[in-house]
Every structure is written in C-alpha cells, then in structure tokens.
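Take a look at the structure set out below.
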Amino acid sequence: MTTIAVESIEARRLKEQARLDSLKSAAERNKWGQFATPPELALSIVRYARGVMEDIPVRFLDPAIGTGSFYSALNQAFPAQDISAAAGIELDPIFARAATELWQGRGLIVTEGDFTRQAPPDQRFNLVLTNPPYVRHHHLSVDDKKRLKAKLAQSLLLDISGLAGLYCYFLLLCHDWMEEEGLAIWLIPSEFMDVNYGSTIRCYLTERVTLLHIHRFCPTDAQFTDALVSSAVVVFRKSAPPPDHTARFSFAGSIEHPRTEEHCRWTCFADPENGLSFRATRLQRGLAS
10 MTTIAVESIE
20 ARRLKEQARL
30 DSLKSAAERN
40 KWGQFATPPE
50 LALSIVRYAR
60 GVMEDIPVRF
70 LDPAIGTGSF
80 YSALNQAFPA
90 QDISAAAGIE
100 LDPIFARAAT
110 ELWQGRGLIV
120 TEGDFTRQAP
130 PDQRFNLVLT
140 NPPYVRHHHL
150 SVDDKKRLKA
160 KLAQSLLLDI
170 SGLAGLYCYF
180 LLLCHDWMEE
190 EGLAIWLIPS
200 EFMDVNYGST
210 IRCYLTERVT
220 LLHIHRFCPT
230 DAQFTDALVS
240 SAVVVFRKSA
250 PPPDHTARFS
260 FAGSIEHPRT
270 EEHCRWTCFA
280 DPENGLSFRA
290 TRLQRGLAS
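Written out as structure tokens, the structure is:
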C-alpha cells in the first residue's frame with residue numbers, strides 16, 4: 010500500500026470514527042468500553058513495535074479492531090512487503106462493517122464477533138497490537154463471568170477475580186492466538202498494577218511470558234479525552250522469562266521517549282502481589298533505583 014493510499018484511508022477513517030462515536034451516548038460507549046485510540050498514540054506504539062520486532066514477516070492481530078487505528082499505523086510504519094497477514098475482530102456490527110469497508114482489498118480480514126468466543130486459528134500471530142474494550146466488571150453478566158473464568162481455567166490454568174474488567178480476559182485469552190516468541194503490545198488501564206484483581210495479570214506477566222517493558226502514562230496526561238482512566242502500554246514476548254531477565258519500566262512522556270525509566274531484574278518484581286505496583290510507584294515519584 011502506498012503512503013498516499015494509507016493517508017487517504019486514514020483521513021476517511023478518522024471521519025468515520027467521529028461519526029460512529031456520535032451515534033452513541035457517553036454512557037453507551039462506556040458500557041461497550043469503546044474508547045478510540047488517538048492516531049498519534051497508535052503510531053507511536055507501532056513505531057516502537059518496529060524497533061523491537063525482528064526482521065521477519067509480520068502476522069498482525071488486533072482482537073478489538075474498531076475502525077482499524079492500529080492497522081492504519083502499522084501500514085504507516087512498516088513496509089507493505091513486511092506485512093504477510095492481518096486480522097481484526099470486532100464485536101460492534103457498525104464498527105466491523107466500517108473497518109471492512111475502509112480496508113477492503115488492503116489485506117485486513119475483519120471478523121464480526123466476540124473475541125472471547127472465537128477459536129484461535131491454526132496459524133497464529135507474531136504481532137498483537139490492541140486497545141481492548143475497557144468494560145468494567147459490573148457491565149459483565151454473571152453468566153459471562155462464569156464462561157470467561159472457565160475458559161481461562163481451561164486455557165491457562167489461571168483463576169481470576171470476578172472484579173476484573175473485560176480487558177483482563179482479552180489479554181489472557183489472546184495467549185493462545187500468539188506464535189511462540191511473538192510480540193504483544195497492549196494499551197490498557199494502569200490499574201492492574203495496583204489493585205487486588207490485577208494479581209492474575211501480574212502473575213501472567215512475570216511467570217508465563219517475558220515482560221519487556223511497561224510504560225505508564227502520567228495520570229494528568231490522559232490519553233483518552235472521553236475516559237477518566239490512567240493508561241499503560243504493556244510489552245511482552247510469548248516465551249518463558251530467562252532467569253537473568255531484565256525488564257524496563259518507564260513513566261510519563263511517550264513510550265518512545267519516556268520522562269524517566271529504570272531497568273530491573275525479573276527477580277525484583279517476580280512477586281505477583283506487589284512487584285509491578287512497587288516499580289510503577291517508584292517511577293511515578295521520580296525516585297532513583
């Protein structure tokens with residue numbers, strides 16, 4: 010896809026995103042967890058991904074594709090010949106149709122449906138870039154919680170609190186969609202580092218995968234104008250962490266150019282109860298390691 014073609018589709022996408030957002034009230038969008046990724050933020054994250062990715066063909070997945078903000082950024086940051094496959098899943102029919110129409114013939118396969126009910130394909134993905142729906146637990150039905158908890162217990166042998174938001178299930182269930190050594194970058198609420206129900210996510214990040222980087226945005230620098238939530242970018246590979254592994258924690262600014270950061274050994278934050286929260290708090294206070 011040429012640069013001009015991408016720019017043209019992105020201009021159309023932004024207009025369509027604004028139109029679709031206007032069709033729902035703030036309360037409805039909150040219930041759906043629909044908070045669109047700002048294009049500058051999506052591009053920053055994808056540029057970061059390109060710097061981390063090995064020189065291999067990209068098989069891209071966004072399990073909450075929306076209108077395709079990350080796919081647009083992917084096409085702006087990666088040469089077209091480096092993208093061998095791209096898939097997106099979207100629950101909201103109007104967004105799924107919009108993404109299909111915008112990217113028709115441009116390599117993105119859009120599936121309309123609930124990601125948590127989909128079966129992983131035979132050929133997995135090596136790059137996951139996504140901003141999953143921020144649906145709070147009280148918007149999930151009792152039956153949905155039971156179903157999601159059972160699915161996690163089966164796939165990862167993990168238990169999770171009933172207070173966990175939908176984004177927690179998305180992150181954990183996506184494990185089976187990834188290739189070994191695949192890269193995942195998730196834009197999620199930073200609360201998982203501080204709350205009790207985030208312990209399952211913290212356990213997963215410290216024991217099941219190789220955590221590379223967590224960038225926590227400054228709470229006063231909200232990434233979403235329509236969501237009162239502090240955000241973080243979580244980067245990891247689908248591989249067991251080596252004993253001498255070192256992860257990067259950064260705070261404020263962008264993930265490409267953070268205001269402050271520190272590197273620490275895996276053993277320093279292996280405690281799933283408080284390790285990640287402790288590191289994030291240190292950085293937020295601007296303390297030296």
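Take the sequence shown: its letters are residues 10 to 298, numbered as in this note's numbering. Quick reminder that beta carbons are idealized off the backbone N, C-alpha and C, glycines included.
Proximal residues to residue i (C-beta, below 6 Å), its chain only, five neighbours per side dropped
{"i": "C177", "result": "I210"}
{"i": "A82", "result": "A51, L52, V55"}
{"i": "L237", "result": "Summary for L237: the model assigns pLDDT 49, below 50, so the residue's position carries little reliability; its value from the coordinates is reported in the next sentence. Cβ neighbours of L237 beyond the five flanking positions: none."}
{"i": "G262", "result": "R268"}
Selection from the options that minimises the alpha carbon distance to residue i
{"i": "L182", "options": "P198, P129, R145", "result": "P129"}
{"i": "S248", "options": "E188, T76, L180, S170", "result": "E188"}
{"i": "A14", "options": "S164, R145, L111, R156", "result": "L111"}
{"i": "E49", "options": "R145, E19, K155", "result": "E19"}
{"i": "P251", "options": "R59, E216, I197", "result": "E216"}
Own chain partners of residue i with C-beta closer than 8 Å, once the 5 adjacent residues on each side are dropped
{"i": "R28", "result": "none"}
{"i": "R106", "result": "E121"}
Span separating the alpha-carbon of residue i from that of residue j
{"i": "Y57", "j": "Q132", "result": "25 Å"}
{"i": "R257", "j": "C227", "result": "17 Å"}
{"i": "L192", "j": "A96", "result": "15 Å"}
{"i": "I223", "j": "V242", "result": "6 Å"}
{"i": "Y213", "j": "I54", "result": "22 Å"}
{"i": "L136", "j": "D253", "result": "24 Å"}
{"i": "N84", "j": "R115", "result": "10 Å"}
{"i": "F179", "j": "P141", "result": "7 Å"}
{"i": "L70", "j": "W195", "result": "12 Å"}
{"i": "Q163", "j": "S150", "result": "20 Å"}
{"i": "F233", "j": "T139", "result": "At F233 the pLDDT is 46, less than 50, meaning the model places this residue with poor confidence; the figure from the coordinates comes in the next sentence. Roughly 15 Å separates the two Cα atoms."}
{"i": "F260", "j": "E270", "result": "6 Å"}
{"i": "S170", "j": "T12", "result": "45 Å"}
{"i": "I264", "j": "K155", "result": "35 Å"}
Status (buried if at least 16 other CB within 10 Å, exposed otherwise) for residue i
{"i": "L32", "result": "exposed"}
{"i": "A89", "result": "exposed"}
{"i": "L166", "result": "exposed"}
{"i": "S240", "result": "buried"}
{"i": "R126", "result": "exposed"}
{"i": "P102", "result": "exposed"}
Own chain residues within Cβ distance below 7 Å of residue i, not counting five before or after
{"i": "D91", "result": "P66, V67"}
{"i": "F245", "result": "A193, L214, V218, T219, L220, L221"}
{"i": "L157", "result": "T125, Y178"}
{"i": "R21", "result": "L111"}
Contact with chain C by residue i, beta-carbon distance below 9 Å
{"i": "T11", "result": "The structure shown has no chain C; it contains just one protein chain."}
Residues bridged to residue i (per DSSP)
{"i": "I92", "result": "V67"}
{"i": "E121", "result": "E99"}
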